[in-house]
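In my numbering, the protein residues as written are 176 to 527.
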Ligand SMILES: Cc1cc2nc3c(=O)[nH]c(=O)nc-3n(C[C@H](O)[C@H](O)[C@H](O)COP(=O)(O)O)c2cc1C
């Protein structure tokens, strides 16, 4: 699959944009383990224009993580156009993605993100203007509609099938669909049948990236086989296990699960994530020189990942270790807690 001339290979699997999750340290690992493309956390157009340091940090990309998409959100044409130009000239990502899917009140309630599903004309106007404003490919990520009653238009055509065509007409070069409405937030199950309908609409020619509730290699394969999507995007299932992409890639390419991932190796990956997160937090950057750089900054980024790692699921007596991970303030504390968790896993395995 290609987005313009960016070749993502056969059956690409991409890392979803996730606020406070897909920071650079995490993206780099996901890329290393086989993610075909990675997305930044979403960045507010208004904050970028105001030159907010945290937003500038979010749009920083490293050549090793390419192809990488930077995602922006906002609620009016001028700010989205200006933010798109800032992203293109300051960060040089491969792709600029527009978020029309965020359901949270502070975003959608103000008309941005999934709020645009209630005002499709403005959504299309913003998309057209952003496509015209930058040279790099522009893509969109959205949901199936605002709520269940509005999922089918009065003429019987699904809202998202019609919207997808109109977004394509604006010049976007790929479309990601999360199979939920805004009202569903993250509840219920993602409905892939609508994603399939968009993909199978003969008038669509841009790549369709399917998203929602994919957690395993088997589910990823099924999404390609059953719905014909061009790529699969994975979000929550990657928490605390950037190596998920390695298993899925191996499975898609060979039909077998990856057998090289030992417990020691997975712990070494988490250790590297901690080191990278701290290193990124401490690095020098003139554009960000006013920001106070601390080891703690990197630790705050990474400790949520660690606490939610599926590696620790089912370990008896893990609660205290988990709380300690969430409270840790230094790299060495986290290393010691990882050692403690590993010892608990080994002890539990010996008993079973
Ligand atoms: C913590 C969190 C943060 C998210 N942040 C973003 C975001 O910044 N931009 C976006 O388009 N979607 C965001 N999402 C939605 C995901 O990209 C994805 O669409 C959703 O989680 C469904 O995919 P999944 O079932 O594979 O997790 C976020 C989701 C979560 C759980």
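All C-beta atoms in this analysis are idealised placements derived from N, C-alpha and C, irrespective of residue type, glycine included.
Assuming the contact rule is C-beta atoms closer than 8 Å, residue i and residue j should be a hit. Round their C-beta distance to whole Å, please.
i, j, result
"residue 509", "residue 478", "7 Å"
"residue 243", "residue 236", "5 Å"
"residue 284", "residue 274", "That belief does not hold up - the Cβ atoms of residue 284 and residue 274 are roughly 15 Å apart, past 8 Å."
"residue 484", "residue 415", "3 Å"
"residue 346", "residue 318", "21 Å between Cβ atoms; not a contact."
"residue 268", "residue 311", "7 Å"
"residue 196", "residue 384", "Rounded, the Cβ-Cβ distance is 18 Å, inconsistent with contact."
"residue 331", "residue 354", "Not really, about 20 Å apart at Cβ, beyond 8 Å."
"residue 348", "residue 313", "7 Å"
"residue 321", "residue 293", "5 Å"
"residue 256", "residue 304", "5 Å"
Kindly indicate which three-state DSSP category residue i falls into: helix, strand or coil?
i, result
"residue 242", "coil"
"residue 508", "helix"
"residue 425", "helix"
"residue 288", "helix"
"residue 362", "coil"
"residue 334", "helix"
"residue 188", "strand"
"residue 355", "coil"
"residue 454", "helix"
"residue 318", "strand"
"residue 177", "strand"
"residue 275", "strand"
"residue 441", "helix"
"residue 490", "coil"
"residue 237", "coil"
"residue 514", "helix"
"residue 431", "coil"
"residue 446", "helix"
When you compare the CB positions of residue i and residue j, do they come within less than 9 Å of one another, or not?
i, j, result
"residue 323", "residue 358", "yes"
"residue 406", "residue 211", "yes"
"residue 233", "residue 254", "no"
"residue 191", "residue 413", "yes"
"residue 449", "residue 481", "yes"
"residue 218", "residue 245", "yes"
"residue 259", "residue 336", "no"
"residue 278", "residue 408", "no"
"residue 291", "residue 250", "yes"
"residue 238", "residue 452", "no"
"residue 362", "residue 272", "no"
Counting C-beta neighbours from all protein chains within 10 Å, is the total for residue i 16 or more, i.e. buried, or is it exposed?
i, result
"residue 264", "exposed"
"residue 476", "buried"
"residue 367", "buried"
"residue 404", "buried"
"residue 440", "exposed"
"residue 329", "exposed"
"residue 230", "buried"
"residue 528", "Nothing about residue 528 can be read from this structure; the chain reaches only from 176 to 527."
"residue 575", "The structure shown does not extend to residue 575, since the chain is modelled only from 176 through 527, so no value can be given for it."
"residue 489", "exposed"
"residue 454", "exposed"
"residue 494", "exposed"
"residue 302", "buried"
"residue 306", "buried"
"residue 491", "exposed"
"residue 209", "buried"
"residue 438", "exposed"
"residue 370", "buried"
"residue 456", "buried"
"residue 240", "buried"
List the DSSP bridge partners of residue i.
i, result
"residue 213", "190, 243"
"residue 248", "219"
"residue 256", "Answer by DSSP bridge pairing: none, since residue 256 is not bridged."
"residue 408", "189, 386"
"residue 313", "271"
"residue 350", "315, 383"
"residue 327", "333"
"residue 182", "177"
Less than 8 Å between the CB of residue i and some heavy atom of ligand 3, yes or no?
i, result
"residue 398", "This structure lacks ligand 3; the ligands present are ligand 1."
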